[in-house]
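These notes are about the structure you will find just below.
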Amino acid sequence: MAKQVRKLNVAMIGYGFMGRAHSNAFIQVGHFFDLPHDLKLKVMCGRKRSAVEAMASQWGWEEAQTDWQSVVTRKDIDVVDICAPNHLHAQIAIAAAEAGKIVLCEKPLAMNVVEAQAMANAAHSVPNLVWFNYRRVPAIALAKELIEQGKVGKPYHYRATYLQSWGANPQSPDAWRFRKVEAGSGAMGDLLSHSLDLALMLNGPISELTSLIHTFTPNREVDDAVIALTRFANGSIGTFEATRFAIGCQNRNYFEIHGEKGSIRFNLEDLNRLEVFDRNDATEIQGGHQVLVTGPGHPYTSHFWPPGHIIGYEHTFIATLADFLNCFAKNEAFHPNFDDAVDVQKLLEAVETSAQKGTWTKVLGS
Ligand SMILES: NC(=O)c1ccc[n+]([C@@H]2O[C@H](COP(=O)([O-])OP(=O)(O)OC[C@H]3O[C@@H](n4cnc5c(N)ncnc54)[C@H](O)[C@@H]3O)[C@@H](O)[C@H]2O)c1
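So the sequence shown is numbered by numbering that gives the first Met the number 0: it starts at 0 and just counts up by one.
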């Protein structure tokens, strides 16, 4: 007998890089996960009709529209997914939440803390998600499990780098990412936001920080690189570096954590692996060992391929969406939600304040 599923009509605003990643997740999620909801790709929305129509047709969306305001309040829309540049997140999310829609939003949530908080307030009455997709990389989810099991012990150091190199290319087509009014910031909101979200998940709140922000390119409106030193509430100390000028690195989202009992190390450019060092191993065999996190028994992996058959970037969006839909069906809290992203936004703001003042800055609400 066919299972009973409730159909959810999705409207997506913006259809670029994330538009493709999310479209794929909407299509695939029900194939890999047994879910009580069926997602219908109803409306894809952008500015230029011919271009949206071409994308909508390529990815199987039923309609293409050019006016997001009229789309997000439509009665036949259940879910609004925001894949537009950062300056549009708040207005779209608040309009969608006020219309009672389920709201999914790309990161960074907002342009600043005030805007982020207004979005979170508006979204408190509706299910909401922020696409900090790296939380669902199986190796990162395993890192969290190991930390919670006490394998790292009392943490001493948290070290994160998010290294890209495309900012050094003056011909880069990613124009909005360099305009302050549309992006808000550069490497900070784009890359550091991911590293901070992971740090909050893996190592808890940050209480204070000091930072340096740098723009290499003359007349560029946003930061090319940012470095921060942090103190975590659990007593450990951290360093963060995010840059679009790390020549030789494409998308090296990396972290390591060192504690009294061991350490863990991850690099997105080798996303199926986690390096684990256990200080309890016999001295003569001590060394970081490479765990191939493709199962059996690893988070999410049973939903994808047999052990040893690696997964990719797109699976992180699929797994995020699956967890969200399961939480929604069970009326359970999902993370990361808008409130979690407000915490990231507070850290980003503290990074900016610290760089401007050249001092240590306490993090709001910590
Ligand atoms: N989670 C991640 O890892 C990740 C990765 C990349 C980007 N992002 C975030 O996703 C968002 C989009 O980034 P992207 O890389 O997809 O950008 P992109 O430039 O590839 O796409 C942006 C899209 O927004 C559309 N758009 C712009 N103004 C619009 C308007 N007024 N109405 C409707 N559509 C409009 C553009 O036409 C385009 O389709 C950003 O917030 C970015 O920070 C997240």
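Ideal Cβ positions, reconstructed from N, Cα and C, are used throughout, including at glycine. These numbers were taken from a predicted model, which means no experiment stands behind them.
- Under the DSSP assignment, residue 8 falls in the beta strand (DSSP E) whose first and last residues are 5-12.
- DSSP places residue 274 in the uninterrupted beta strand (DSSP E) bounded by 272-277.
- Counting C-beta atoms within 10 angstroms of its own C-beta, residue 12 has 16 or more neighbours from the protein chains shown and is therefore classed as buried.
- With contact defined as three or more Cβ pairs closer than 8 Å, the stretch 319-339 and the stretch 158-177 are not in contact.
- Bridge partners of residue 66 according to DSSP: none are assigned.
- Rounded to whole angstroms, residue 104 and residue 191 show a C-alpha spacing of 17 Å.
- For the beta strand (DSSP E) assignment, the uninterrupted runs of no fewer than 3 residues enclosed by the stretch 122-149 are, from N- to C-terminal side, 127-129.
- Residue 42 and residue 69 have their C-alpha atoms spaced approximately 11 Å apart.
- Check the Cα spacing between residue 249 and each of 17, 309, 136, 168: the tightest is with 168.
- In the DSSP secondary-structure assignment, residue 240 is bridged to 160, 226.
- With contacts defined by Cβ atoms closer than 9 Å, residue 269 and residue 119 do not form a contacting pair.
- Just measuring C-alpha positions, the residue of 230, 214, 261 sitting nearest residue 245 is 214.
- Remark: C-beta atoms of residue 273 and residue 251 do not approach each other more closely than 9 Å.
- In this structure, residue 84 has its beta carbon less than 8 Å from a heavy atom of ligand 1.
- Shown here, residue 152 sits in coil according to DSSP, grouped into three states, outside any helix or strand.
- For residue 87, the shortest C-beta to heavy atom distance toward ligand 1 is below 8 Å.
- Taking the C-beta atoms as reference points, residue 99 is found no nearer than 9 Å to residue 154.
- Set against 8 Å, the gap from the CB of residue 198 to the closest heavy atom of ligand 1 is not smaller.
- For the 9 Å CB-CB criterion, residue 166 and residue 110 do not form a contact.
- The DSSP-derived three-state label of residue 216 is coil.
- Between ligand 1 and residue 161, a heavy atom-to-CB distance of less than 8 Å is absent.
- Cβ-Cβ separation between residue 101 and residue 77: approximately 6 Å, consistent with a contact (criterion under 8 Å).
- Burial of residue 132 is indicated by the presence of at least 16 other C-beta atoms within 10 angstroms of its C-beta.
- The C-beta distance from residue 108 to residue 341 rounds to 7 Å, short enough to fall under 8 Å.
- Secondary structure at residue 246: coil, using DSSP grouped into helix, strand and coil.
- In the three-state reduction of the DSSP assignment, residue 355 falls in the helix class.
- Cβ neighbours of residue 287 within its own chain (closer than 6 Å, five residues either side excluded): 274, 276.
- Here the alpha carbon of residue 291 sits roughly 39 Å from the alpha carbon of residue 361.
- Around the beta carbon of residue 47, fewer than 16 other beta carbons sit within 10 angstroms, so the residue counts as exposed.
- Nearest Cα to residue 281 within the set 348, 306, 261, 289: 261.
- Taken from the Cβ of residue 58, every heavy atom of ligand 1 lies 8 Å or farther away.
- For residue 253, the enclosing beta strand (DSSP E) has its first and last residue at 251-258.
- Ranked by Cα distance from residue 55, the first of 27, 23, 37 is 23.
- The criterion of a C-beta distance shorter than 9 Å is not satisfied by residue 60 and residue 38.
- Not one heavy atom of ligand 1 falls within 8 Å of the beta-carbon of residue 337.
- Around residue 258, the same chain offers 151, 152, 153, 154, 155 as residues with beta carbons nearer than 7 Å, after the five sequence neighbours per side are excluded.
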